[in-house]
Each structure stands twice: as structure tokens, then as C-alpha cells.
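Beneath this line is the structure, given in C-alpha cells, with notes to follow.
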Amino acid sequence: MSTDISLTPQAVRQGLCTHTLGQTVRCLQTTVSTNEDVKEAARSGAPDGMVVTAEHQTGGKGRLGRSWDSPQNGGLYFTILLRGAHLPQAVTMVPLLSGFAVCTALRKSFSADARIKWPNDVVIGSRKVCGILCEGGTDASGNSWAISGIGVNVNNPAFPPELQKRATSLLLETGQQYTRCAVLQRILEKMEPLLESGSLPESYAPLCVSLGRQVSYFRGKQKYTGTACSITPAGELLVRLPDGQTETVNSGEVTVQGIYGE
Ligand code: BTN
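Counting the sequence shown from 1 gives a position; this note's numbering is that position plus 4.
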């Protein structure tokens with residue numbers, strides 16, 4: 005049984021070492037999707053760094069049109085609004101920087117051997133501990149914004165059978181319960197300077213489990229398999245194919261041999 009308590013704006017702000025990210029925060033009990041809440045707030049001019057959290061989502065959204073299972077049993081669900089100084093010039097950097105921030109926060113503050121599956125899944129061993137869905141748009145005055153929606157499995161004691169090969173939690177990996185508030189705070193603290201710099205640190209590559217492995221992806225109906233060999237400064241994945249050609253992959257699903265039971 006998780007002994008963690010519900011998130012509150014006071015608890016999130018207390019001891020949060022950021023200037024902007026999370027300084028405006030709404031904590032909901034239940035919502036459809038915190039991404040939808042923050043998009044609506046963004047369109048009506050909500051401030052840079054605003055965070056919405058939920059204890060439970062009824063329609064949690066995942067990448068590539070999938071859903072994100074969001075029960076009230078130890079998961080941390082939140083979305084951050086990014087504008088101005090926290091919106092990198094290359095908006096495609098937001099997912100990679102978000103994944104890197106979560107990975108390094110889990111490593112540094114929560115004793116987890118977390119790594120990144122390109123572009124932004126955070127894994128421990130061969131299972132996913134965090135998923136991230138970034139979206140973007142413009143407000144009524146024509147100003148661009150992006151959102152980073154993050155789901156971290158913190159104190160989940162178990163997963164439904166269909167997710168057991170793919171999902172894990174901090175509790176399952178470290179044997180320790182953590183307060184979701186502390187996990188949120190440490191992630192926001194990592195994200196703020198990374199988003200301000202807007203560029204991918206060199207330490208992304210050593211943390212990336214995709215590199216050096218067999219990966220597969222689709223272009224239209226054609227499936228390609230090769231070896232992931234590096235990440236470009238723009239965050240693209242370079243894949244060496246069996247014919248010696250190197251392909252640049254910048255979006256979509258890339259499966260990695262040995263990860264998620266592939
Ligand atoms: C994925 O790996 O497919 C991305 C999952 C993203 C889930 C988070 S939970 C908080 C935010 N609200 C959503 O509806 N989705 C993101």
C-alpha cells in the first residue's frame with residue numbers, strides 16, 4: 005500500500021528550487037488528461053512554467069495515438085507549459101530534453117539505474133518507468149507554446165498482465181517508496197536549465213539504450229532494421245543499415261531489440 009499523500013500546490017512549491025517551472029501549479033484529483041488541461045490553459049494565456057498534476061486520469065494520452073494507463077496507485081501524472089525562455093528554438097528538442105531531465109533526476113535523486121530509449125522513454129533494465137508526450141500550438145496572440153506531459157511510475161506495486169513485460173516502477177526497481185512530490189520537484193529542477201539552454205547535453209548519448217543495438221522502424225509500409233549508431237546535435241537517431249547506408253530517423257516508433265520484450 006502506498007503511503008504517499010495527494011499532491012497540493014503548497015507541497016509542490018515548498019522546497020522547489022526553480023525560478024519558473026512549477027511556480028504556478030494546479031493539482032487535480034481526477035481529470036481526463038493533464039495535457040488537455042494545459043493546452044486549454046495555454047490557449048487562454050496561462051504563464052510559462054505552469055504545471056497541472058492529477059492523481060488519476062480517465063483518458064491519459066500516450067505517443068502515437070496510444071493511451072496511457074493512469075490509475076491512482078502510485079503514478080505521477082503532470083504536464084508543463086513552456087513558452088518564452090523555456091521554449092527551445094528547435095521545438096523538436098522538448099521531448100529529448102524532457103526525457104533526459106527525467107532520466108538524470110531519477111539517477112541522481114532516486115537511486116535508479118535509469119536510461120533513455122530514444123527519443124524520450126525512460127527505462128530501467130528493459131522496462132519503461134516514464135513516458136512523455138509533447139505537443140505544441142499557438143495562443144490567441146499568435147505566440148507559440150509547447151507542453152511536456154510526463155507520466156512516471158513511482159510507487160506502483162504491480163502492473164496489469166498486458167503491461168508486465170513493458171512497465172516498471174521506481175518501487176519495483178529500488179524496493180523503496182518515494183513521495184511523488186519529491187520526484188516532481190527534482191524533475192522540474194533538472195528541466196529548467198536544460199530547456200533554457202535548448203541544446204542536448206553530450207551526456208545524453210551514454211545514457212541512451214538504443215545506441216549500439218538493433219533497431220527497427222517503418223517508412224510507410226516498409227520495415228527497416230539496422231544498428232543505431234549515434235544521435236545528431238538536432239536529436240535525430242542515425243541508423244546504419246545492412247547495406248552500409250546511414251539513415252536519419254527523426255520521428256515515429258523505433259523498436260529496440262531487448263527492450264519492452266522485443
Ligand atoms: C508515452 O510513452 O506514450 C507517453 C505517455 C505520456 C503520459 C503523460 S501522463 C501526464 C500527461 N497527460 C497525458 O494524457 N499524457 C501525459
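Don't be surprised by glycine CBs; every beta carbon is placed ideally from N, CA and C.
Here H90 is buried. Its C-beta has 16 or more other C-beta atoms within 10 Å. With 16 or more neighbouring CB atoms inside 10 Å of its own CB, Q61 falls in the buried class. The closest heavy atom of the ligand BTN lies 7 Å or more from the beta carbon of Q168. For I128, the closest C-alpha among the options T24, G66, T108, L137 is that of T108. Ranked by Cα distance from N77, the first of T183, T250, G256, S48 is T183. In the structure shown, F104 falls within a helical segment according to DSSP collapsed to helix, strand and coil. Taking the Cα of G224 as reference, the smallest distance to any Cα among E257, P197, S201 is reached at E257. Assigned with DSSP and collapsed to three states, C185 falls in helix.
Restricting attention to T12, L25, K65, the CA atom closest to the CA of C31 is found in T12.
About 20 Å separates the beta carbon of Y264 from that of F104, a gap too long to meet the 8 Å contact definition.
Put simply, the stretch 39–49 does not touch the stretch 187–203. Fewer than three CB pairs are less than 8 Å apart.
Looking at P210, K227, V158, Q261, the one whose alpha-carbon comes closest to that of E251 is K227.
Per the coordinates, the alpha-carbon of S152 lies some 35 Å from the alpha-carbon of P246.
In this structure, the ligand BTN has no non-hydrogen atom nearer than 7 Å to the beta-carbon of I263. Annotation for R47: the continuous alpha helix (DSSP H) segment containing it runs 38–47.
For L204, no beta strand (DSSP E) encloses it, and the DSSP letter there is neither H nor E.
Proximity of the beta carbon of I84 to the ligand BTN is not indicated: no heavy atom of the ligand is located closer than 7 Å. Counting along the chain, E177 sits inside the alpha helix (DSSP H) bounded by residues 174–178. With a cut-off of 7 Å, the C-beta of R131 is classified as distant from the ligand BTN, since no heavy atom of the ligand falls inside that distance. In this structure, L100 has its CB at a distance of at least 7 Å from all heavy atoms of the ligand BTN.
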